[in-house]
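Trainee: Here's a structure for you.
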Amino acid sequence: KAGVTQTPRYLIKTRGQQVTLSCSPISGHRSVSWYQQTPGQGLQFLFEYFSETQRNKGNFPGRFSGRQFSNSRSEMNVSTLELGDSALYLCASKPLAGKQETQYFGPGTRLLVL
Amino acid sequence: GESVGLHLPTLSVQEGDNSIINCAYSNSASDYFIWYKQESGKGPQFIIDIRSNMDKRQGQRVTVLLNKTVKHLSLQIAATQPGDSAVYFCAETSGTYKYIFGTGTRLKVLA
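Taken in order, these protein sequences are the chains called A and B. Letter 39 of the first sequence, counting from 1, is numbered 28 in my numbering, and no numbers are missing. Just add 1094 to the spot in the second sequence (first one is 1) and you have my numbering.
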């Protein structure tokens, strides 16, 4: 079974631009969560999607948004990029939401904002 | 954010020795815990999990111990190998939604 895939793997943007990242979960997994990882703040939860609905949200500004499609694939969007948005963005999937299950991570998208 | 970001503590271990990585979790209501391993340039990889109704669980070369009284989790790696060099994170959840991650510990295996 293929793992979680994320595209693109690397991205360079400039301040003020917007970016869309994509995540394909493990086949059969319907819950997709997004995390931001930086050296200074560690792994921080952005949001979780299940059945095309956002189920939970972390403490990030409204510039960070996401969506999930009927095939469980998910995208996250960051608008009006700031230098501080440079990070590794990780996607994780698990079969269901609201249950104690292991989440499996993708390789991440490394975003650099100049 | 909910995970505290500090400089990463480092554990240096001689190849072949046992490693013990510790984690203090924050929420007394958390009842599911996971250890992840993250190698450079990769996403976190699941190692082992434990539920709060257990205090010990063993996998292949790894053991997780849970002490709910002091909210402490540890990961023991037997016969540490060079391929074990990575950053190790613990994660906790109360089962409803967000996973809260620890700051991580860098494990360096010395040849």
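All C-beta atoms, glycine included, are put in the ideal place defined by N, C-alpha and C. Quick caveat, the model's predicted, so the values are computed rather than measured.
Establish whether the CB of Tyr1182 (chain B) and some CB of chain A are separated by less than 7 angstroms.
Mentor: Locating residue 1182 (chain B) in the second sequence gives position 88, counting from the first residue. Not closer than 7 angstroms to any Cβ of chain A, the Cβ of Tyr1182 (chain B) fails to qualify, so no.
Trainee: Could you please tell me which residues of the stretch 1118 to 1151 of chain B, in chain order, have their CB closer than 9 angstroms to any CB of chain A?
Mentor: The stretch 1118 to 1151 of chain B vs chain A, Cβ under 9 angstroms: Asp1125, Tyr1126, Ile1128, Tyr1130, Gln1132, Gly1135, Lys1136, Gly1137, Pro1138, Gln1139, Phe1140, Asp1143 and Arg1145.
Trainee: For the beta strand (DSSP E) containing His1166 (chain B), name the first residue and the last one.
Mentor: Numbered from its first residue, the second sequence carries residue 1166 (chain B) at position 72. Start and end: His1166 to Ile1171.
Trainee: Between Gly47 (chain A) and the rest of its own chain, which residues show a CB-CB distance below 8 angstroms, the 5 nearest in sequence each way excluded?
Mentor: Walking along the first sequence from the start, residue 47 (chain A) turns up at place 58. Answer for Gly47 (chain A): Gln33, Phe34, Leu35 and Phe36, listed in chain order.
Trainee: Ser61 (chain A) to Tyr24 (chain A), Cα distance in whole Å?
Mentor: As a working note, residue 61 (chain A) is residue 72 in the first sequence. As a working note, residue 24 (chain A) is residue 35 in the first sequence. Roughly 17 angstroms between the two C-alpha positions.
Trainee: Would you say Lys1192 (chain B) reaches chain A, if we count a Cβ-Cβ gap shorter than 7 angstroms as a contact?
Mentor: As a position in the second sequence, residue 1192 (chain B) is number 98, starting the count at 1. Yes - at least one Cβ of chain A is within 7 angstroms of the one on Lys1192 (chain B).
Trainee: Could you tell me the alpha carbon to alpha carbon distance between Lys1165 (chain B) and Gln7 (chain A), rounded to whole angstroms?
Mentor: Translated into the one-based positions of the second sequence, residue 1165 (chain B) becomes position 71. Translated into the one-based positions of the first sequence, residue 7 (chain A) becomes position 18. Each residue's alpha carbon lies about 41 angstroms from the other.
Trainee: Out of B:Ser1179, B:Gly1137, B:Gly1135 and B:Lys1136, state which residue places its alpha-carbon closest to the alpha-carbon of Lys1202 (chain B).
Mentor: For this step, residue 1202 (chain B) is matched to residue 108 along the second sequence. Out of B:Ser1179, B:Gly1137, B:Gly1135 and B:Lys1136, B:Ser1179 has the C-alpha closest to the C-alpha of Lys1202 (chain B).
Trainee: Who does Gln43 (chain A) pair with in a DSSP beta bridge?
Mentor: On the first sequence, residue 43 (chain A) is found 54 positions in, with the first residue counted as 1. According to DSSP, which records beta bridges pairwise, Gln43 (chain A) is partnered with A:Tyr38.
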